[in-house]
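In UniProt numbering, the protein residues as written are 1 to 147.
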Amino acid sequence: MPQNFKIDQAATFESLLFLSCEPKTAFGDNYRQETTKDGLPKWQFQLAARFRQFGRATNEIINVGMVAEQDPGQDLMPATPVQLVGFEIGVMDKRNRDGEPVGAQVWYRCEEVRPLTATGPARSGKQPANAGSSASTSEAATSGAPS
């Protein structure tokens, strides 16, 4: 059974740096971009994540899925520090061919990726009372499948 958990980026990572953003391709078809049930394109960010593990700095490349009409990374340069709005981790059983659990499958996804230099409230709908409205070009993936 899939489970999703919201992630506190500031408490989890020392930094997240944008590396690239590419269309998420459909399983078994490297030439077709995967979409949601509503037809929105899925994207895959690669980020360099720095965090502390056992008192030492550790760096890993993580893939983060996102849904957006257009390439959400088109205005980001490589190595740009970013904030992930609506950041969550998903976990589900990994099963062998016989359907027996053999571990866990983990994925990350978010609603929006913003450079840390951006100002103003996140476009996820959680705005201060005095903020003007702004439409988000992205939506969280609604399916339980990995992004």
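C-beta: ideal position from N, C-alpha, C; glycine also.
query                                                                                        : result
Span of the beta strand (DSSP E) around A104                                                 : P101 to R109
N-terminal and C-terminal residue of the beta strand (DSSP E) that Q44 is part of            : K42 to Q53
R56 to A49 span [Cα, whole Å]                                                                : 14 Å
Rounded separation between A11 and F51 - CA only                                             : 9 Å
Close beta carbons around K126, own chain, < 6 Å, minus the five adjacent residues each side : Residue confidence for K126 is low, a pLDDT of 48 falling below 50, so the modelled location carries little weight and cannot support an answer.
Supposed close pair W43, P72 - CB separation, criterion 8 Å                                  : 6 Å
For L84, the nearest candidate out of L19, E14, R114 and Y31 (CA to CA)                      : R114
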